[in-house]
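Notes follow once the structure below has been shown.
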Amino acid sequence: MTRVVLFGATGMIGQGVLRECLLDQGIASVTTVGRRTTWKTDAKLNDVVLKDPADIAKDAKLSSDLKQVDACLYCLGTSAVGMGEREYTTITKDMTLRVLDGCRAANPNMRFLFVSGNGSDAKSSNMWARVKGETENEVLARSPAPGSAVMFRPGLVEPVNGIRGEQSLLYKAVYACAPLLRGMGMPCTTTEALGRAMVAAAKLPAGAAAQAALGGKSILENGDINALAWGKPLPR
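First residue of the sequence shown? That's 91 in the numbering used here, and the numbers climb one at a time after it.
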């Protein structure tokens, strides 16, 4: 049985991941950490509210609980629209690395699963893609053991199962077009598939066996995510 901690459980992607964690019989417990409560009640859910979710060391009980956690599912994030690079970096990169360091201080063997995005590249001319890529690189650099960190790069994530996505007219139109875009071969997934894929990665055995199960990959592209979600072989 696998124990997980989930950051960002109140966002669209985090809601989908939390749903799959609670449904999966292989997940023994879920600790959510965020600025707001999830308002959910479940026997295996422990809802932790922190003003600064990365301040793990300041919560003695959380620090103690994390010693028994097998995987961190990191779904915190924000849109780069209207943000400068410094502000976006603080939220996207700095916060991620603080949480990573806090989790590993509690349990050095904890697997770290990071939701990045399709097109992330530390050398990109696009600010958001560059910052995401830099974050991926740093997480992997701090996770040298095989299978100790996995990056998820979903494309368009369609909210399903009653989960609400962004409510702007633009996003509503994009979500409505998701089936068409998927049929055209565009990188698309759903909150359910991404959640199932992260749960599957969290439950993998420790060490090299985990990386082998992922086809030697530490970065999962959209097609990998959809395959892993439904128990299919990952594309080569």
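Virtual Cβ for every residue (Gly too), placed ideally from N, Cα, C.
Next item on the list: Under 6 Å Cβ to Cβ from K157, same chain only, skipping five residues before and after it: list those, please.
Entry: Working through the sequence shown from its first residue, we reach residue 157 at position 67. When the five nearest sequence neighbours on each side are left out, the beta carbons in the same chain lying within less than 6 Å of the beta carbon of K157 are those of A196, N197, in order along the chain.
Notebook entry, point to check: Taking only runs of the alpha helix (DSSP H) that begin and end inside the region 95-181, which ones reach a length of at least 4 residues, in chain order?
Noted result: Fully enclosed alpha helix (DSSP H) runs of 4 or longer: 102-113, 150-156, 175-179.
Checklist line | S210 classed as buried or exposed, judged by whether at least 16 other C-beta atoms fall within 10 angstroms | finding: The sequence position of residue 210 within the sequence shown is 120, counting from 1. Flag for S210 reads buried.
Check: How is I309 classed by DSSP in three states: helix, strand or coil?
Finding: Translated into positions along the sequence shown, residue 309 becomes position 219. Under the three-state reduction of DSSP output, I309 falls in the strand class.
Notebook entry, point to check: Quick one: Cα of G106 to Cα of P244, how far?
Noted result: Numbered from 1 along the sequence shown, position 16 holds the residue referred to as residue 106. Numbered from 1 along the sequence shown, position 154 holds the residue referred to as residue 244. Taking the straight line from one Cα to the other gives about 13 Å.
Notebook entry, point to check: Could you give the C-beta distance for G104 and C193, rounded to a whole number, given that I count them as a contact under 8 Å?
Noted result: On the sequence shown, residue 104 is found 14 positions in, with the first residue counted as 1. On the sequence shown, residue 193 is found 103 positions in, with the first residue counted as 1. Not confirmed; about 16 Å, so no contact.
Note to self: I'd like the span of the alpha helix (DSSP H) that includes C193, first residue to last.
What the structure shows: Residue mapping note: residue 193 aligns to position 103 of the sequence shown, counting from 1. Element bounds for C193: 185-196.
Margin query: Taking the straight line between their C-alpha atoms, what separation do you get for V264 and G255?
Written below: The residue given as residue 264 occupies position 174 in the sequence shown. The residue given as residue 255 occupies position 165 in the sequence shown. Just so you know, the alpha carbons of V264 and G255 end up roughly 11 Å apart.
Next item on the list: Could you pull out every unbroken beta strand (DSSP E) segment of at least 3 residues lying fully inside the region 189-265, listed in chain order?
Entry: Here the runs fully enclosed are 201-205, 239-243, 246-248.
Notebook entry, point to check: Is there contact between the region 185-192 and the region 132-152, where contact requires at least three CB pairs shorter than 8 Å?
Noted result: As far as the Cβ criterion goes, the region 185-192 touches the region 132-152, which means the pair count is three or higher.
Item checked: CA-to-CA distance, F97 to G219, given in whole angstroms -> The residue given as residue 219 occupies position 129 in the sequence shown. The residue given as residue 97 occupies position 7 in the sequence shown. The sequence shown places Ala at residue 219, rather than the Gly named in the question. Computed Cα separation, rounded: 21 Å.
Notebook entry, point to check: In terms of alpha-carbon separation, which member of L259, P269, A235 lies closest to V250?
Noted result: To locate residue 250, count along the sequence shown from 1; it is residue 160. P269 is the residue among L259, P269, A235 whose C-alpha sits nearest the C-alpha of V250.
Next item on the list: Compare the beta carbon distance of L294 and I315 with 7 Å and say whether it is the shorter of the two.
Entry: Along the sequence shown, one-based indexing puts residue 294 at 204. Along the sequence shown, one-based indexing puts residue 315 at 225. Not closer than 7 Å, so no.
Next item on the list: Provide the residue(s) that pair with C278 in DSSP beta bridges, ordered along the chain.
Entry: In the sequence shown, residue 278 corresponds to position 188, counting from 1. Answer is L246.
Notebook entry, point to check: Going straight from the alpha carbon of G167 to that of D160, what length do you get?
Noted result: Residue 167 sits at position 77 when you count from the first residue of the sequence shown. Residue 160 sits at position 70 when you count from the first residue of the sequence shown. Those two C-alpha atoms are separated by around 22 Å.
Checklist line | K151 versus D191: straight-line alpha-carbon distance, rounded | finding: Reading the sequence shown from its first residue, position 61 is the one you call residue 151. Reading the sequence shown from its first residue, position 101 is the one you call residue 191. Near 17 Å, if we compare the C-alpha coordinates of D191 and K151.
Margin query: One question on the structure: do V247 and A239 come within less than 7 Å of each other, judged by their Cβ atoms?
Written below: For the purposes of this step, residue 247 is taken as residue 157 along the sequence shown, with counting starting at 1. For the purposes of this step, residue 239 is taken as residue 149 along the sequence shown, with counting starting at 1. Not in contact: V247 and A239 (Cβ atoms no closer than 7 Å).
Notebook entry, point to check: Where do the ends of the alpha helix (DSSP H) carrying P269 lie?
Noted result: By one-based count along the sequence shown, residue 269 stands at place 179. Taken as a continuous stretch (DSSP letters only), the alpha helix (DSSP H) holding P269 covers 268-273.
Item checked: Which listed residue (F242, L259, A235) has its alpha carbon closest to that of A299 -> Numbered from its first residue, the sequence shown carries residue 299 at position 209. Answer by Cα proximity: A235.
Notebook entry, point to check: In the structure shown, what three-state DSSP assignment does R93 receive?
Noted result: If you number the sequence shown from 1, residue 93 lands on position 3. Here R93 sits in strand by DSSP.
Notebook entry, point to check: So, is S215 buried or exposed, given that buried needs 16 or more other C-beta atoms within 10 angstroms?
Noted result: Stepping through the sequence shown from its first residue, residue 215 is reached at position 125. Burial call: exposed.
Margin query: Give me, in chain order, the residues of the same chain whose beta-carbon lies closer than 7 Å to that of R232; leave out the 5 immediate sequence neighbours on both sides.
Written below: Along the sequence shown, read from residue 1 onward, the residue named residue 232 stands at position 142. The answer, listed in chain order, is L190.
Item checked: Sufficient close CB pairs (3 or more, under 8 Å) joining the region 299-312 to the region 125-142 -> With a cut-off of 8 Å, the region 125-142 and the region 299-312 do not count as touching, because too few Cβ pairs lie within range.
Note to self: Could you tell me the alpha carbon to alpha carbon distance between P323 and F202, rounded to whole angstroms?
What the structure shows: Numbered from 1 along the sequence shown, position 233 holds the residue referred to as residue 323. Numbered from 1 along the sequence shown, position 112 holds the residue referred to as residue 202. CA-to-CA, the gap between P323 and F202 works out to about 22 Å.
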